[in-house]
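Residue numbers (this note's numbering): 46 to 162. Glycine included, every Cβ here is placed at the ideal spot set by N, Cα and C. What follows is a short report on a single structure.
Printed below as a string of structure tokens:
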């Protein structure tokens with residue numbers, strides 16, 4: 046996934062001070078990656094601090110990412126590649142169109158120019 050330009054300075058600072066050798070975010074030792082439970086705990090704590098009561102784990106971030114990408118105009122095939130899916134049908138499960146987005150969809154018949162029969 047692309048790195049946000051807003052995060053690049055922070056990532057550069059992290060890289061300069063930590064200099065990870067094998068993993069960007071190391072685990073309990075430099076040769077181990079950060080364990081998924083550490084990520085899950087950080088996510089749950091952040092939700093609690095933010096007052097978010099909605100159920101859902103860290104995997105919900107993938108759903109949100111895919112949805113926001115699609116709604117901002119990124120085509121499904123690009124999102125498929127970003128998520129690392131082999132099949133576009135797998136990607137299609139990850140996003141849900143918002144009601145606002147659905148409301149702007151027009152019938153192809155309404156798009157025709159010219160006189161009506």
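Exercise. How would you write the range of the alpha helix (DSSP H) that residue 80 sits in, first residue to last?
Worked result: Counting along the chain, residue 80 falls outside any alpha helix (DSSP H), and DSSP gives it neither H nor E.
Exercise. Quick one: Cα of residue 112 to Cα of residue 139, how far?
Worked result: 7 Å
Problem set entry | Length of the line joining the Cα atoms of residue 87 and residue 134 | 31 Å
Exercise. Which word fits residue 136, buried or exposed, when buried means at least 16 other C-beta atoms lie within 10 angstroms of its C-beta?
Worked result: buried
Exercise. According to DSSP, which residues form a beta bridge with residue 71?
Worked result: 78
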